[in-house]
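**Q**
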Amino acid sequence: MSNNDIIVSLDIGTSKVRAIIGEVNNGTFNIIGVGSADSEGIRKGAIVDIDQTVQSIRSAVDHAERMVGIQISEVYVGISGNHIGLQSSHGVVAVSNEDREIGEEDIERVLKAAEVVALPPDREIIDVVAKQYVVDGLEGIQDPRGMIGVRLEVEAIIITGAKTAIHNLLRCVEKSGLKIKDLVLMSLGAGQLALSKDEKTMGSVLVDIGAGSTTIAIFEDGTMVSTSTLPIGGEFVTNDIAYGLRTLTDQAEKVKLKYGCALMADAAPDVTFKVVRIGSNVEKEFTQEDLAAIVEPRVQEIFHLISEEVKRLGYAELPGGYILTGGTVSMPGVLQVAQGELAASVRIAVPDYIGVRDPGYTSGVGILHNVIRSIRVRSGSSANVSSAGNKKTVNRPKASPASNPETAQKPGLIERLKNIFSDFI
């Protein structure tokens with residue numbers, strides 16, 4: 037395993053912080069390390085305590101480092117939230133090469149031209165996603181590299197976010213001792229991983245149900261066209277269980293993970309568990325049916341709100357249906373409740389890699405997928421640049437870098453002496 041083949045993603049969620057180490061080896065991609073830690077300092081997907089968030093990030097990264105035996109110094113960070121906005125843009129440039137062949141430099145220039153839009157002072161550009169390129173009036177081009185033309189245009193979607201939310205996220209990661217390679221919109225990354233080409237083209241809804249928030253992303257004509265975040269998620273189910281069973285929240289969470297079922301018809305009346313009642317040391321016994329009676333109405337409500345939000349965005353019926361992901365959808369019965377409430381085709385997306393076969397890892401693996409796709413798209417010199425950049429992502433044991441400054445200083449001294457003597461000669 038060589039350093040330049042390793043990339044690391046950081047998914048900072050409401051309930052978990054996940055660091056995922058991926059390795060690209062001879063064109064194949066594998067997950068080689070996963071670190072997870074309970075998330076503190078985040079409520080409903082937003083950072084509310086920087087120090088606690090920093091501690092959670094360090095714990096997750098340490099866990100991943102120990103698993104693989106390497107040191108992480110650079111990461112790709114996922115971003116999401118209700119502050120994310122999309123807007124269309126258009127860029128035009130003249131092809132700079134004398135032979136009129138479109139190269140990497142031309143694509144970078146046309147995307148930079150698309151970035152020139154009026155933005156409020158409290159917003160910042162996170163990413164620019166090309167919907168299609170136009171070469172001398174010819175539309176529908178996905179990758180114009182190597183084509184001959186005079187005029188290059190791009191129709192792009194600009195992803196923007198609130199400056200405060202972005203800078204707080206960057207601050208947390210930097211205080212954890214990590215360098216940020218890039219920010220990746222989690223819905224975009226998850227969409228690249230979870231959705232098929234046809235689903236993205238015909239139109240589908242990607243729904244990421246986390247602990248504190250639910251992110252909805254609409255894909256159409258091969259790209260993401262709309263996004264929205266609802267402040268509801270698995271935490272609401274946990275709170276309902278805590279109220280219904282009169283128990284502590286952490287006990288309610290354990291019960292939900294072990295015995296939770298979102299469909300009363302599937303719940304077993306003979307499966308029982310005990311919980312300590314709040315305000316006393318008395319344990320009370322409940323059945324899985326009792327639990328499902330609390331969970332099912334809340335899960336129905338979550339999918340009803342998702343359906344209403346998709347209608348509000350103006351996409352009532354999409355042929356690709358709904359693709360569910362996020363930690364909450366792994367509960368038994370969620371798929372059946374979703375099919376009933378959404379009245380459309382619904383499936384659950386799970387990453388097909390060893391160690392991360394859980395809907396909760398879709399966003400983290402999606403970040404890596406998005407990075408690899410952008411690296412693969414680039415060819416020639418730019419691919420070499422990105423692999424050289426990735427070389428810094430993971431460092432080997434600290435003994436070797438410590439000796440580098442000494443070796444670096446000696447040539448510098450000799451060079452200075454040579455320069456002094458050359459003045460006299």
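Take any residue in the sequence shown, note its place counting from 1, add 36, and you have its number in the working numbering. All residues carry an ideal CB built from backbone N, CA and C; glycine is no exception. No experiment lies behind these values; they were computed from the predicted model shown.
Measure the alpha-carbon distance for serine 399 versus glycine 225 and round it to whole angstroms.
**A** Numbered from 1 along the sequence shown, position 363 holds the residue referred to as residue 399. Numbered from 1 along the sequence shown, position 189 holds the residue referred to as residue 225. Answer to the nearest angstrom: the Cα atoms are 6 Å apart.
**Q** Do glutamate 141 and the ligand SAH come close, with the Cβ less than 6 Å from some heavy atom?
**A** Because no ligand of any kind appears in the structure shown, any question about the ligand SAH cannot be addressed here.
**Q** Residues in the same chain with beta-carbon distance under 8 Å from valine 84, minus the five sequence neighbours each way, listed in chain order, please.
**A** Counting from one through the sequence shown, the residue named residue 84 turns up at place 48. If we look at valine 84 and ignore the five residues flanking it on each side, its Cβ neighbours are Gly77, Ile78.
**Q** Cα separation between lysine 15 and alanine 192?
**A** Outside the shown range of the chain, which is 37 to 461, sits residue 15, and nothing can be said about it.
**Q** Use the C-beta contact count for histidine 405: other C-beta atoms within 10 angstroms, 16 or more gives buried, fewer gives exposed.
**A** Counting from one through the sequence shown, the residue named residue 405 turns up at place 369. So histidine 405 ends up on the buried side.
**Q** Look at the alpha carbon of leucine 205 and the alpha carbon of glycine 376, and state the distance between them as a whole number of angstroms.
**A** Residue mapping note: residue 205 aligns to position 169 of the sequence shown, counting from 1. Residue mapping note: residue 376 aligns to position 340 of the sequence shown, counting from 1. Going by the C-alpha atoms only, they are around 37 Å apart.
**Q** Check whether the region 137–155 touches the region 223–238, counting contact only when three or more Cβ pairs, one atom from each stretch, lie closer than 8 Å.
**A** Contact fails: fewer than three Cβ-Cβ distances are below 8 Å.
**Q** Using the rule of at least 16 other Cβ atoms within 10 Å of the residue's Cβ for burial, across every protein chain shown, is glutamine 91 buried or exposed?
**A** In the sequence shown, the residue the question calls residue 91 occupies position 55. By the 10 Å Cβ count, glutamine 91 comes out buried.
**Q** Taking only three categories from DSSP, how would you classify leucine 214?
**A** Numbered from its first residue, the sequence shown carries residue 214 at position 178. Coil.
**Q** I'd like to check one pair, alanine 150 with glycine 127: are the Cβ atoms closer than 7 Å?
**A** Residue 127 sits at position 91 when you count from the first residue of the sequence shown. Residue 150 sits at position 114 when you count from the first residue of the sequence shown. Their beta carbons are under 7 Å apart, which means glycine 127 touches alanine 150 by this criterion.
**Q** Just the Cα atoms here: how many angstroms apart are glycine 49 and leucine 174?
**A** One-based indexing of the sequence shown puts residue 49 at position 13. One-based indexing of the sequence shown puts residue 174 at position 138. Roughly 42 Å between the two C-alpha positions.
**Q** Please classify proline 14: is it buried, with 16 or more other beta-carbons within 10 angstroms of its beta-carbon, or exposed?
**A** Outside the displayed range of the chain (37 to 461) lies residue 14, so it cannot be described from this structure.
**Q** Helix, strand or coil for isoleucine 86? Go by DSSP, reduced to three states.
**A** On the sequence shown, residue 86 is found 50 positions in, with the first residue counted as 1. Helix, per DSSP.
**Q** With H, G and I counted as helix, E and B as strand and the rest as coil, what does DSSP make of tyrosine 389?
**A** As a first step, residue 389 must be located in the sequence shown, where it is residue number 353. Coil at tyrosine 389, not helix or strand.
**Q** Ends of the alpha helix (DSSP H) at asparagine 275?
**A** Looking up residue 275 in the sequence shown gives position 239. That run of the alpha helix (DSSP H) goes 270–281.
**Q** So who's on the other strand from glycine 58, going by DSSP bridges?
**A** The residue you call residue 58 lines up with position 22 of the sequence shown. In DSSP, glycine 58 forms a bridge with Ile43, Ile67.
**Q** Can you list the beta strand (DSSP E) stretches of 3 or more residues lying completely in the region 282–354, in chain order?
**A** Whole beta strand (DSSP E) segments, 3+ residues: 308–312, 319–323.
**Q** Sort Thr196, Pro395, Leu371, Asn133 by Cα distance to leucine 480 and report the nearest one.
**A** Outside the displayed range of the chain (37 to 461) lies residue 480, so it cannot be described from this structure.
**Q** For arginine 313 and alanine 288, I'd like the C-alpha separation in whole angstroms.
**A** Residue numbering aside, residue 313 sits at position 277 when the sequence shown is read from its first letter. Residue numbering aside, residue 288 sits at position 252 when the sequence shown is read from its first letter. Their backbone Cα atoms lie some 11 Å apart in a straight line.
**Q** Could you spell out where the beta strand (DSSP E) holding serine 381 opens and where it closes?
**A** Taking the sequence shown and counting its residues from 1, the one referred to as residue 381 is at position 345. Neither: serine 381 is in no beta strand (DSSP E) and is coded neither H nor E.
**Q** Starting from the Cα of aspartate 394, find the closest Cα among Ile411, Arg409, Ala380, Leu360 and give me that residue.
**A** The residue you call residue 394 lines up with position 358 of the sequence shown. Measuring from the Cα of aspartate 394, the nearest candidate turns out to be Leu360.
**Q** Check methionine 260 in the structure and name its three-state DSSP category.
**A** Taking the sequence shown and counting its residues from 1, the one referred to as residue 260 is at position 224. Residue state, collapsed to three classes: strand.
**Q** Report the CB separation of alanine 380 from tyrosine 351 in whole angstroms; it is logged as a contact under 8 Å.
**A** In the sequence shown, residue 380 corresponds to position 344, counting from 1. In the sequence shown, residue 351 corresponds to position 315, counting from 1. That pair is no contact at about 11 Å.
**Q** With a threshold of 7 Å between beta-carbons, can glycine 77 be considered close to chain D, or not?
**A** Among the chains in the structure shown there is no chain D, since it carries only a single protein chain.
**Q** Beta-carbon within less than 6 Å of alanine 328's beta-carbon, same chain only, minus the 5 sequence neighbours each way: which residues are those?
**A** Translated into the one-based positions of the sequence shown, residue 328 becomes position 292. Only Cys297, Met300, Ala303 meet the Cβ criterion.
**Q** Would you call the region 112–120 in contact with the region 172–188, where contact means no fewer than 3 C-beta pairs closer than 8 Å?
**A** Touching, no, given that fewer than three Cβ pairs across the two stretches are closer than 8 Å.
**Q** Does DSSP put leucine 237 in a helix, a strand or coil?
**A** Taking the first residue of the sequence shown as position 1, residue 237 is located at position 201. Note on residue identity: the sequence assigns threonine, not leucine, to residue 237. Looking at threonine 237 - three-state DSSP - the assignment turns out to be helix.
**Q** What is the residue span of the beta strand (DSSP E) that serine 125 lies within?
**A** Within the sequence shown, the letter at position 89 stands for residue 125. Taken as a continuous stretch (DSSP letters only), the beta strand (DSSP E) holding serine 125 covers 121–130.
**Q** Is the Cβ-Cβ distance between glycine 63 and histidine 99 less than 7 Å?
**A** If you number the sequence shown from 1, residue 63 lands on position 27. If you number the sequence shown from 1, residue 99 lands on position 63. Cβ distance not < 7 Å, so glycine 63 and histidine 99 don't count as in contact.
**Q** Tell me whether lysine 215 is buried or exposed, calling it buried when 16 or more other Cβ atoms sit within 10 Å of its Cβ.
**A** Here the question's residue 215 lines up with position 179 in the sequence shown. It is exposed - the Cβ of lysine 215 has fewer than 16 other Cβ atoms within 10 Å.
**Q** What is the C-beta distance between glycine 81 and threonine 265, in whole angstroms, given that I count them as a contact (C-beta under 8 Å)?
**A** Within the sequence shown, the letter at position 45 stands for residue 81. Within the sequence shown, the letter at position 229 stands for residue 265. Indeed, because the Cβ distance is near 7 Å, the residues count as touching under 8 Å.
**Q** What first and last residue would you give for the beta strand (DSSP E) that runs through arginine 181?
**A** What you label residue 181 is simply residue 145 of the sequence shown in a count that begins at 1. Taken as a continuous stretch (DSSP letters only), arginine 181 belongs to no beta strand (DSSP E), as it is neither H nor E.
**Q** Nearest by alpha-carbon distance to glycine 363: which of Ala130, Thr200, Glu101, Asp244 is it?
**A** Position 327 of the sequence shown, counted from the first residue, corresponds to residue 363. Ranking Ala130, Thr200, Glu101, Asp244 by Cα distance to glycine 363 puts Asp244 first.
**Q** Helix, strand or coil, according to DSSP, for glutamate 191 in the structure here?
**A** Looking up residue 191 in the sequence shown gives position 155. DSSP places glutamate 191 in strand when its eight states are reduced to three.
**Q** Closest to serine 262 by C-alpha separation, out of Ala247, Ile194, Gly270, Thr308, would be which residue?
**A** Here residue 262 corresponds to residue number 226 of the sequence shown, with the count starting at 1. Closest option to serine 262, Cα to Cα, is Ile194.
**Q** Assuming methionine 260 contacts serine 316 under a Cβ cut-off of 8 Å, what Cβ separation, rounded to an integer in Å, is found between them?
**A** To locate residue 260, count along the sequence shown from 1; it is residue 224. To locate residue 316, count along the sequence shown from 1; it is residue 280. 50 Å between Cβ atoms; not a contact.
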